[in-house]
Ligand SMILES: [Zn+2]
């Protein structure tokens with residue numbers, strides 16, 4: 107009975123701090139034997155509905171978190187194994203996801219406001235910068251002129267602006283929703299994250315999920331994520347064709363009866379106590395020896411480094427245009443990932459929520475590329491924005507090199 111009661115209490119009440127201490131310790135001791143999660147381990151944390159019928163259980167949120175979290179990712183082309191172009195790689199956006207960073211002045215020092223506090227700006231993101239740089243290529247002379255009042259010359263300019271906008275928006279950071287839960291078809295993987303894109307036409311996964319969750323809440327008078335009274339969700343998938351490609355799409359989401367998270371309270375407690383967050387899973391992309399900022403810069407020019415496993419006898423890193431880093435990465439790889447910086451330990455009272463962006467990465471010129479004044483002349487209406495959105499093929503939501511890269515989620 108003791109166990110049963112404990113399970114009802116989603117976060118273990120006042121003991122959660124102490125439990126965190128134990129799990130932090132456990133993580134550290136595990137970290138010493140196996141340094142970091144392998145690509146397969148991380149992949150196992152993705153919930154990507156693929157089977158005709160999937161069952162997913164949403165977990166209660168951790169203190170201070172939401173049941174459905176929001177995060178931003180770019181969905182852009184990259185080069186992958188074999189030098190092949192991958193058309194929709196999902197890439198973490200530092201500007202939208204990282205804490206703000208001090209703005210640096212021309213003198214290389216942080217800019218201060220009138221109270222002598224540093225002025226904070228979004229962390230630099232080369233992909234966001236590219237979006238804005240492309241946007242401002244639009245002819246500004248049309249500002250404020252309605253389409254019906256345009257002469258032929260202006261209409262031609264508008265058509266050109268629309269083209270520029272269409273290209274630019276491909277580089278914009280997109281909003282995604284992330285739900286933490288258990289894939290009942292793969293319980294051994296533990297806590298997983300279901301990530302799906304926001305849809306401006308209200309035809310996305312969230313738009314299918316929310317009414318079902320609301321219906322459960324109203325009819326059952328219970329919290330759908332409750333470990334005792336919540337519900338397993340049944341997700342029915344179907345193949346659907348769009349622009350000549352076949353996609354997996356959700357045909358229906360249904361809730362089931364109220365049920366405990368799991369019949370085994372010890373397993374349920376293990377899931378509830380797991381501290382893994384989406385940030386542990388949907389990590390910034392990087393390559394050995396290359397700062398994350400430079401990696402993103404390389405993505406904007408189509409020269410990103412990639413792990414080439416297309417020849418099983420010769421798996422290696424490729425760094426287009428950077429033979430120095432390529433050599434180092436492949437040497438390092440043979441040396442079983444002997445790197446120093448990630449192991450650098452710091453005092454335990456350093457707030458984990460502090461900016462993770464190191465200031466020495468930010469120069470004045472990098473911060474300067476962030477242009478907040480960019481005006482989107484092309485998208486004069488939300489409807490148009492939605493139309494552009496539907497033309498963007500949504501990412502394959504699976505890390506590279508998983509063998510399932512040919513399957514895309516529906517672009518809306
Ligand atoms: Zn960005």
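Numbering (our numbering), first residue to last: 107 to 518. C-beta: ideal position from N, C-alpha, C; glycine also. These figures come from a predicted structure and were not determined experimentally.
Residue i, buried or exposed, once every other Cβ within 10 Å from all chains shown has been counted against 16
i	result
residue 131	exposed
residue 330	buried
residue 218	exposed
residue 333	buried
residue 223	exposed
residue 422	exposed
residue 289	buried
residue 279	buried
residue 121	exposed
residue 372	exposed
residue 284	buried
residue 359	buried
residue 124	exposed
residue 264	buried
residue 369	exposed
residue 113	With a pLDDT of 43 at residue 113, under the threshold of 50, the modelled position of this residue cannot be trusted, and the question is left open.
residue 408	exposed
residue 128	exposed
residue 292	exposed
residue 163	buried
residue 267	buried
Alpha-carbon spacing of residue i relative to residue j, whole angstroms
i	j	result
residue 173	residue 161	17 Å
residue 326	residue 357	23 Å
residue 388	residue 418	26 Å
residue 404	residue 436	19 Å
residue 273	residue 337	42 Å
residue 519	residue 351	No statement about residue 519 is possible, as the shown extent of the chain runs from 107 to 518 and does not include it.
residue 541	residue 221	Look at the range of the chain in this structure, 107 to 518, and you will see that residue 541 is not part of it.
residue 519	residue 427	Here the chain covers residues 107 to 518 and nothing more, so residue 519 does not appear.
residue 158	residue 424	37 Å
residue 178	residue 243	24 Å
residue 169	residue 181	30 Å
residue 262	residue 248	11 Å
residue 402	residue 176	21 Å
residue 322	residue 165	15 Å
residue 210	residue 204	17 Å
residue 232	residue 282	19 Å
residue 149	residue 213	44 Å
residue 126	residue 287	19 Å
residue 260	residue 270	15 Å
residue 152	residue 251	46 Å
residue 241	residue 342	39 Å
residue 465	residue 234	Interpretation of residue 465 is limited by its pLDDT of 38, a score under 50 that renders its predicted location unreliable; the figure taken from the coordinates is listed afterwards. Between residue 465 and residue 234, the C-alpha separation is close to 19 Å.
residue 469	residue 410	Note that residue 469 scores 40 on pLDDT, short of 50, meaning its location in the model is unreliable; the coordinates nonetheless yield the value given after this. So the two alpha carbons sit approximately 21 Å from each other.
residue 324	residue 431	57 Å
residue 344	residue 302	16 Å
residue 328	residue 297	22 Å
residue 246	residue 308	31 Å
residue 171	residue 348	35 Å
Continuous alpha helix (DSSP H) stretch holding residue i: start and end
i	result
residue 267	258-275
residue 240	232-241
residue 399	398-406
residue 382	Here residue 382 belongs to no alpha helix (DSSP H), and DSSP marks it neither H nor E.
residue 146	145-149
residue 201	200-203
residue 425	No alpha helix (DSSP H) contains residue 425, which DSSP labels as neither H nor E.
residue 284	First-last for residue 284: 280-289, but that is the beta strand (DSSP E), not the alpha helix (DSSP H).
residue 293	First-last for residue 293: undefined, no H or E at that position.
residue 73	Residue coverage of the chain in this structure runs from 107 to 518, which leaves residue 73 outside it and unanswerable.
N- and C-terminal bounds of the beta strand (DSSP E) containing residue i
i	result
residue 183	174-185
residue 345	337-348
residue 160	159-164
residue 414	412-414
residue 354	351-364
residue 299	297-303
Residue i at chain C interface by Cβ criterion, 7 Å
i	result
residue 331	Protein chains in the displayed structure number just one, and chain C is not present.
* Flag this pair as touching only if the stretch 225-240 and the stretch 248-255 have three or more C-beta atom pairs under 8 Å; answer yes or no. => Inter-segment contact for the stretch 225-240 and the stretch 248-255 is absent: fewer than three beta-carbon pairs are separated by less than 8 Å.
* Does the stretch 372-380 come close enough to the stretch 389-400 to have 3 or more Cβ pairs within less than 8 Å? -> Contact fails between the stretch 372-380 and the stretch 389-400, because fewer than three Cβ pairs, one in each stretch, are under 8 Å apart.
* Asked: Does the stretch 315-324 come within contact of the stretch 179-197, defined as at least 3 CB pairs closer than 8 Å?
  -> Flag = no, the stretch 315-324 and the stretch 179-197 do not touch.
* **Stretch pair the stretch 189-199 + the stretch 306-314: three plus CB contacts closer than 8 Å** => The stretch 189-199 makes no contact with the stretch 306-314; the number of CB pairs closer than 8 Å stays below 3.
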